[in-house]
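Residue numbers (the working numbering): 86 to 430.
Note that the Cβ used here is the ideal one computed from N, Cα and C, for glycine as well.
A short worksheet on the structure shown next.
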Amino acid sequence: MKATPFSGGLLAAALLVGTTGAAGAQEVTLRLHQFLPPQATIPADAIDPWIERVEAASGGRIEIQHYPAMQLGGAPPSLFDQARDGVVDIIWTVLGYTPGRFQKTEAFELPFMVTSGAATSKAFHQYVTENALDEFADVKPLVFHTHGPGLLHVNGRTVESIEDMEGLKLRGPTRVITSMLERLGATAIGMPVPAVPESLSKGVIDGAVIPWEVTLPLKVAELVDSHTGFEGEHGLYTATFAMVMNKDAYEGLPDDLKAAIDDNIGVEVAGMFGAAMDAGDVVGERVAREAGNTVVMLDAAEQERWRTAAQPVIDAWIETMDGEGHDGAALVERARELISSHSGM
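Structure representation (structure tokens):
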């Protein structure tokens with residue numbers, strides 16, 4: 086008897102136990118909830134392949150039902166709590182959608198940390214495992230990753246220098262990144278990424294900071310006319326993501342089904358998620374260029390001006406961490422070391 090989808094948020098219904106034949110093997114249905122449409126890069130090219138791997142490793146005894154685009158209700162910032170509280174079994178979300186909650190993870194959001202999505206994701210998963218697992222004590226961590234270099238996507242103005250940021254209303258995904266945008270001269274407006282297309286079309290914002298990959302499902306290339314990034318090894322910023330599981334749902338599994346999950350998490354799986362983002366970035370940039378949009382990549386000299394302007398964001402973050410009893414400078418240094426190592430720099 087296979088588990089059936091549950092209602093009312095009762096965790097036990099996600100773990101209905103039955104037998105198949107004389108073997109008495111447990112079968113489990115788990116529900117995975119996330120905020121992007123199914124055709125977006127991470128759902129299609131990372132989450133769905135991950136589901137297939139886990140299901141195969143379980144010998145078909147685990148079924149993971151994938152619910153995209155907040156189909157099970159709530160808003161993106163509620164996803165982590167949905168997993169913690171057993172409303173669903175697994176979620177994937179942006180950590181910065183709950184400002185200040187995962188403070189130590191924010192080191193990777195600081196300006197000019199990110200290299201590629203794959204390398205930075207591996208570094209981020211290792212960093213969290215070493216330094217920030219206490220922030221995830223209420224759940225079973227599965228994958229921590231980032232996207233590739235974030236860019237500016239702007240309508241009506243081409244950003245070719247830091248002066249061009251003055252007065253722009255730009256969407257930012259997290260408190261660290263909105264703080265950075267303010268330091269760079271923009272008016273920053275925080276919002277989850279699904280709200281970006283309507284906000285652009287209605288003129289609520291002039292642009293957004295997102296990676297190339299995210300422009301595809303949101304059709305951002307049709308809503309803006311210019312895109313600005315940076316040459317060299319480091320991009321302007323990245324956001325951080327986590328896929329986590331309800332703790333009771335995991336602990337209720339027999340050891341062999343726990344192994345089916347445990348064998349498909351870790352640094353290399355984080356790299357797989359980041360690599361999916363990198364592949365999506367290539368397509369996103371191509372679509373923007375084919376649309377006739379202007380693409381500007383600022384050189385090292387201009388990047389240095391942006392680094393100088395954004396340095397107070399790093400300084401303030403370190404001070405905040407110190408005030409919380411952490412060594413902020415050491416956390417930033419460790420993040421940089423891991424990114425460098427995984428990037429082969």
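According to the Cβ coordinates, are residue i and residue j closer than 8 angstroms?
i: Pro397; j: Arg260; result: no
i: Ser286; j: Arg256; result: no
i: Ala160; j: Gly359; result: no
i: Val113; j: Leu338; result: yes
i: Ile424; j: Ala208; result: yes
i: Glu316; j: Leu383; result: yes
i: Leu342; j: Ala192; result: no
i: Val179; j: Thr231; result: no
i: Ala364; j: Asp219; result: no
i: Val381; j: Leu227; result: no
i: Gly292; j: Asn240; result: yes
i: Val354; j: Trp135; result: yes
i: Ala327; j: Pro258; result: no
i: Asp174; j: Ala334; result: yes
i: Gly314; j: Leu236; result: yes
i: Thr190; j: Ala217; result: yes
i: Ser201; j: Ser428; result: yes
i: Ala142; j: Asp310; result: no
i: Val294; j: Ile262; result: yes
i: Met265; j: Ala376; result: no
i: His238; j: His151; result: no
i: Glu140; j: Ile149; result: yes
i: Gly356; j: Thr300; result: no
Starting from residue i, trace the alpha helix (DSSP H) both ways and give me its first and last residue.
i: Leu285; result: Val281 to Ser286
i: His210; result: Gly202 to Asn216
i: Arg392; result: Ala385 to Gly408
i: Leu269; result: Where Leu269 is concerned, there is no enclosing alpha helix (DSSP H), given that its DSSP letter is neither H nor E.
i: Ala376; result: That residue, Ala376, is in no alpha helix (DSSP H); it is neither H nor E in DSSP.
i: Ser425; result: Gly413 to His427
Assuming residue i and residue j form a contact by the criterion Cβ under 8 angstroms, report the distance between their Cβ atoms to the nearest whole angstrom.
i: Met362; j: Glu298; result: 5 angstroms
i: Pro282; j: Lys304; result: 7 angstroms
i: Asn378; j: Arg169; result: Wrong, their Cβ atoms sit about 41 angstroms apart, outside the cutoff.
i: Phe197; j: Arg392; result: 6 angstroms
i: Pro302; j: Ala125; result: 4 angstroms
i: Ile147; j: Phe165; result: No, Ile147 and Phe165 are not in contact; Cβ-Cβ is about 22 angstroms, not under 8 angstroms.
i: Pro277; j: Pro234; result: About 20 angstroms separates the two Cβ atoms, so there is no contact after all.
i: Gly270; j: Ile247; result: 7 angstroms
i: Leu121; j: Pro162; result: About 14 angstroms separates the two Cβ atoms, so there is no contact after all.
I'd like the span of the beta strand (DSSP E) that includes residue i, first residue to last.
i: Ser311; result: Ser311 to Phe315
i: Gly257; result: Lys254 to Gly257
i: Glu148; result: Ile147 to Tyr152
i: Val172; result: Segment: none, Val172 is in no beta strand (DSSP E) and carries neither H nor E.
Taking all protein chains shown into account, do 16 or more other C-beta atoms lie within 10 angstroms of the C-beta of residue i, making it buried, or fewer, making it exposed?
i: Gln167; result: buried
i: Met430; result: exposed
i: Glu404; result: exposed
i: Glu194; result: buried
i: Gln119; result: buried
i: Gly410; result: exposed
i: Arg116; result: buried
i: Asp407; result: exposed
i: Gly144; result: exposed
i: Val367; result: exposed
i: Gly288; result: exposed
i: Thr211; result: The sequence given here has Gln at residue 211, not Thr. Gln211 comes out buried.
i: Gly158; result: exposed
i: Ala373; result: buried
i: Ala273; result: buried
i: Ala420; result: buried
i: His156; result: For clarity, residue 156 is Gln in the given sequence; the question names His instead. Result: exposed.
i: Ser426; result: exposed
i: Ala386; result: exposed
Opposite residue i in the DSSP bridges: which residues?
i: Ile132; result: The partner list for Ile132 (beta bridge, DSSP) is empty, contrary to what the question assumes.
i: Thr323; result: None, per the DSSP bridge assignment.
i: Ile295; result: Leu236
i: Ala344; result: DSSP, once it has assigned bridges, lists no residue as partnering Ala344.
i: Leu115; result: Ile149
i: Asn331; result: Val224
i: Gly275; result: Gly257
i: Met382; result: Gly314
i: Thr178; result: Ala327
i: Phe229; result: Ala327
Is any heavy atom of the ligand ZN found at a distance shorter than 7 angstroms from the C-beta of residue i?
i: Arg116; result: The model depicted lacks the ligand ZN and carries no ligand whatsoever.
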